[in-house]
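Structure, as structure tokens:
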Amino acid sequence: MKKYPTLMLMVCLGLALLAAIRPSSALAQSTPGGRPLEGAPSVPAGTVPKDLEGIGIEDKNGAVLPRDVKLTGSDGRSFVLGEYMDGERPLVLVLAYYGCPMLCSLVLNGTMTGVKGLNEIAGKDYRLLVVSFDPRDKVDIAQEKRKNYVEALGRQLEPIDGSQLGAFEFAVGDEAEVRRLAEAVGFNYRWDAAQDQYAHAAGIFIVTPKGVLSQALTGVEFPPDELRTAIAEANKEVWHSPLKSVLFYCFRFNPHTGKYTLIAARALRVAAGVTVLGLLFFVVRMFRADRRKKAQAQPGPA
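Following this line, the structure appears as structure tokens:
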């Protein structure tokens, strides 16, 4: 045992590192937005299926969205994205395509479920805009989708400028225009000819009233508390940089007080992880120094 003190210390440290990481992994698995879909193919940890390479949601938080993206509403009117970033209300933005066989419906249904649980009202406290990234989708299908989801929502919409379309709308657009919007928020997708459908990620985007991407909520379920917090943060022009994402993991925003409160368990988890990584760096340096000393102590050739 005394012969390998550094090695034993590294083993113990490795076990401690696993213990520090496992709680956060469990948390991620228990988060509704992070659950894999039932029946999804098994993929080794840390790998991405070849047909999904380059597909996902990049961290573009803090990006200013292009206000001049041209879209067409469910009533056939032409408008630009900037009309839904009015400086007064946050925007809940969903990128989907209306012929999607499953995933887009799950995202839209998850969004509707989250919205139903809000006290906030679409049109009064925030706007909701769904944009199709399939250029084959036309006004008639957008109109049908909007009608179905407004009925499913079953809630009063606050008219904006005399129309409920400003509160909750389904839109279509040319491929180049929608692609600009998708790239701005970090939504990467592509057409899969073999499957005859689009390969894309699942999530929604919360945009500040001034048109800055506040954050992306990934997954297919968006609990009301999570959605409420995201809208409240966006309303205060808060956006999550990678560093902020780590910090906000340890804090919860209270929309009533406008302040953040510390989540002790998460803060301790992050602190433990940082401490273990620091110790690991220290032990590796000790191990290398020990090897150098042993090499120098060995007698040279006679």
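Just so we're aligned, residue 1440 is where the sequence shown starts under the working numbering, counting upward by one.
The C-beta atom is built at its ideal place from N, Cα and C for all residues, glycine as well.
- Under the DSSP assignment, GLU1522 falls outside any alpha helix (DSSP H); it carries neither an H nor an E label.
- When the five nearest sequence neighbours on each side are left out, the beta carbons in the same chain lying within less than 6 Å of the beta carbon of TRP1678 are those of ASN1500, GLY1501, VAL1651, SER1653, in order along the chain.
- Rounded to whole angstroms, GLU1622 and ALA1535 show a C-alpha spacing of 14 Å.
- Three or more beta-carbon pairs separated by less than 8 Å are not found between the stretch 1535 to 1551 and the stretch 1510 to 1517, which leaves the two stretches without contact.
- In the structure shown, the three-state DSSP call for TYR1536 is coil.
- By the CB criterion at 8 Å, LEU1592 and LEU1530 fall outside the cutoff.
- Boundaries for GLY1625: no alpha helix (DSSP H) harbours it, and the DSSP string shows neither H nor E there.
- Annotation: VAL1570 is outside any alpha helix (DSSP H); the continuous beta strand (DSSP E) that includes it extends over 1566 to 1571.
- Per DSSP, the unbroken alpha helix (DSSP H) holding VAL1578 starts and ends at 1578 to 1592.
- Taking the Cβ atoms as the reference, LEU1510 lies roughly 7 Å from GLU1616, within the contact range of under 8 Å.
- Exposed is the label assigned to GLU1614, since fewer than 16 other Cβ atoms lie within 10 Å of its Cβ.
- Assignment of SER1602 by DSSP, reduced to helix, strand and coil, places it in the strand class.
- In the structure shown, GLU1608 adopts extended strand secondary structure according to DSSP, grouped into three states.
- With respect to LEU1620, LEU1716 sits apart: the two C-beta atoms are not nearer than 8 Å.
- C-alpha of CYS1539 to C-alpha of GLY1601: approximately 32 Å in a straight line.
- At a Cβ-Cβ threshold of 8 Å, ARG1594 and LYS1555 count as neighbours.
- Distances from the CA of GLU1608 to each of ASN1558, LEU1520, THR1552 were compared; the closest alpha carbon is that of LEU1520.
- The beta carbon of ILE1560 sits closer than 6 Å to those of GLU1597, all from its chain and outside the five residues before and after it, given in chain order.
- Only exposed fits ALA1728, as fewer than 16 other CB atoms lie within 10 angstroms of its CB.
- Here THR1714 is exposed: its Cβ has fewer than 16 other Cβ atoms, across all protein chains shown, within 10 Å.
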